[in-house]
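To start, the structure itself, in structure tokens.
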Amino acid sequence: MTPAFDAVIDELKRLPGLGRRSAERIALHLLVEKRSQLKSLQESLSAAARTLNACPICGNLAEEGGPCPICLDPTRDASQICIVEQISDLTAVERSAAWRGRYHVLNGKLSPMKGIGPAELNLASLAKRLQDGSISEIVLALPNDIEGQATCHYIQEEIVGTQSISLSRIGFGLPSGGGVTYADSITLRSAIESRRNYS
Amino acid sequence: MEFRHLRLQNFRNFDFLNLELQGTRHFLFGANAQGKSNCLEALSLVTAMRSFRVREWKPLARSGFSEWQLRCDIRSRKTGEHCLELHVNGSRKQIFLDGDLLPRLGQLLGRFPVVVLGSEDLQLLRGSPGERRRWLDLTFSLIDPCYFEALLAYGNGLAQRNRLLKNGASDREIESFEQAMSAPAALLVKTRTQRTAELRTMAEDVYARLVDGREQPSLTYRPDSALDDPAAILQKWRDTRKGDRALGSTRAGPHRDDLRIQVDNRAAREYGSDGQQRALVMALRFAQSQLWESVLNEVPVLLVDDVLGELDPQRREAFWSLCREDRQVIATGTEQPPQYEHWQIHKVDNGIISQ
Ligand SMILES: [Zn+2]
């Protein structure tokens, strides 16, 4: 179309889940059809970019540099941690309402082919959380593929090691190919309730 | 199953092809390099989106084009009429079944079994172990979704482990991937062992009909390390890890397995005449077909690319006795066969097919 418009399309296409056609629709919507929405989108994005941060404890979304609402919530069991790959998985588990402990978000899984090793994951802060011995249970809710399984083994051997923490994993009953994010609430709830010890 | 119709656009030497395939006997004849084999190649893709001639997809596009399409009308014995479409643009492939996009190849496997008999088949005896492994993998993936998943998972794990070995990663990280790979590895070895025994019985039977001698063919699956339990495989990887690091690749595991094909205890590639070797390969193809039929309850289509002319009259007769009337056969040759009265004949001339 025009160079400026094409530049917008190119940026939008780089977002997850957007192909050329959806990118075009969004660009036309914001720049031509609903110009007023553009301004409020711009404002809410820059406001969020200013105030949002990763929770220093668990990696979830938080605001004003502090911990996330779940880490601050005194009714959540602080001795239980559910480890997930990404924030959308945390949201899915929350929707199932089956988990009353806290979380740890890795922001990925081990994948040497993509250049993701232990240093690229949110593991150092996990090790720190385990140091004072207040954690008694860990549930691994990672994808059931090779990378997810390798990540589970790594956490078990390298991070948990010989500490006496009950370790279990869910994901065996989840549809293959889909991760935690795409599992429905009932599936997730029954997976969490029937979690089994992992060795 | 049965092909009913084939449509191609910008595939190999066809700019546009519209081919009716009603009925169970079709013969495409014409001089060499006119497009007969290209046509069979297109049909063979419906099984697993794999060409029996090339591993790269680039040569499938008509020269000068990156976009091509295939559309097949197919009748399945079990599920009725279907329309399978393939849209390719460069490296992007989309498969549509009855108008719906199939996001994963696994959803196609086992639906439309097609067996190919071609002149390249001798590679199965003479080629590398990799050729035989790929053939086994295709044969078993079609009838066993778990096998296919394990194959993908193991291949992915292997690539990850090799990358770690090359990068000089920690033992802990490598071991984590070995753990994850060990279950699919064991499943591959177990399934190959069991299924190869089934294939063997079927191949022996067919071979006896094609060659009325006393020779006995035998197929033996040779696991690289005879390991069909995850713990044993893990131990093996642990033992070989140091050497693997130096090489930057994994030396032990099901990706190194071979299928040993013998006749009367001699390696088949060194055995017998060209004709006997061809009969043996044909027996393997028919065994593949029988195995698929027994599990899928669908009679595979037989694509016969230019090999009937090479058989002597006795073997040709045995060959036809193996093709029941309800099995669709689509064959090619350079001459119109006088004895085939029930065939629908299609003349292929420079990318154009006429009846
Ligand atoms: Zn938090």
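Protein chains in written order, with my numbering: chain A, 85 to 283; chain B, 12 to 366. Heads up, the beta-carbon is just placed ideally off N, CA and C, and yes, glycines get one too. Just so we're clear, the structure is a prediction, and the values are computed from it rather than from any experiment.
- Per DSSP, aspartate 255 of chain B lies in no beta strand (DSSP E) segment; the continuous alpha helix (DSSP H) that holds it begins and ends at 241 to 258.
- Inclusion of alanine 146 of chain A in the 7 Å shell around ligand 1 follows from its C-beta lying nearer than that to a non-hydrogen atom of the ligand.
- Assignment of asparagine 167 of chain B by DSSP, reduced to helix, strand and coil, places it in the helix class.
- If you look at histidine 237 of chain A, you'll find it in the alpha helix (DSSP H) that goes 230 to 238.
- Comparing C-alpha distances from alanine 88 of chain A to each of A:Gly101, A:Leu112, A:Asp216 shows the shortest one belongs to A:Leu112.
- DSSP places leucine 54 of chain B in the helix class (H, G or I) of the three-state scheme.
- For the segment 44 to 63 of chain B, the set of positions with a beta-carbon nearer than 9 Å to some beta-carbon of chain A is empty.
- Contact between glutamate 169 of chain A and glycine 192 of chain A is confirmed by a C-beta separation of about 7 Å, below the 8 Å threshold.
- Taking one beta carbon from each stretch, the segment 240 to 247 of chain B and the segment 184 to 202 of chain B have 3 or more pairs nearer than 8 Å; the two touch.
- Residues of the same chain with a CB within less than 6 Å of the CB of aspartate 240 of chain B, apart from the 5 flanking positions on each side, are Ala197 in chain order.
- Assignment of beta strand (DSSP E) within the segment 140 to 174 of chain A, counting only whole runs of 3 or more residues, yields 145 to 147, 161 to 168 in chain order.
- Residue nearest to glutamate 215 of chain B within the set B:Arg174, B:Trp248, B:Gln273, B:Leu258 is B:Gln273 (criterion: CA-CA distance).
- The criterion of a C-beta distance shorter than 8 Å is not satisfied by glycine 344 of chain B and aspartate 323 of chain B.
- Under the criterion of beta carbons closer than 8 Å, arginine 271 of chain B and arginine 233 of chain B qualify as touching, at roughly 5 Å.
- By the beta-carbon neighbour count (other beta carbons within 10 angstroms, threshold 16), glycine 110 of chain B is exposed.
- In summary, the residues of the segment 164 to 175 of chain B whose CB is separated from some CB of chain A by less than 7 Å are Ala164, Asn167, Gly168, Ala170, Gln171, Arg174, Leu175, in the order they occur in the chain.
- Remark: C-beta atoms of isoleucine 165 of chain A and isoleucine 239 of chain A do not approach each other more closely than 8 Å.
- Here asparagine 178 of chain B carries a helix assignment [DSSP, helix/strand/coil].
- At least one C-beta of chain B is nearer than 8 Å to the C-beta of aspartate 229 of chain A.
- In this structure, the C-beta of proline 158 of chain A stays at least 7 Å away from each heavy atom of ligand 1.
- Short note on cysteine 166 of chain A: C-beta not closer than 7 Å to any heavy atom of ligand 1.
- Within the segment 185 to 214 of chain A, contact with chain B at the beta-carbon level (separation under 8 Å) is assigned to Leu194, Ser195, Pro196, Met197, Gly201, Pro202.
- Under DSSP, leucine 19 of chain B forms a beta bridge with B:Leu28, B:Leu81.
- Assignment of cysteine 94 of chain B by DSSP, reduced to helix, strand and coil, places it in the strand class.
- Membership of glutamate 277 of chain A in the alpha helix (DSSP H) is indicated by the continuous run 269 to 277.
- Scanning its chain for C-beta atoms nearer than 6 Å, with the 5 sequence neighbours on each side dropped, one finds around valine 315 of chain B the residues Leu128, Ala342, in chain order.
- Distance from the CA of alanine 208 of chain A to the CA of alanine 234 of chain A, rounded to the nearest whole angstrom, comes to 17 Å.
- Going by DSSP, proline 228 of chain B is part of the beta strand (DSSP E) stretching over 228 to 233.
- Excluding the 5 residues flanking it on each side, serine 332 of chain B has same chain C-beta neighbours closer than 8 Å at Arg220, in chain order.
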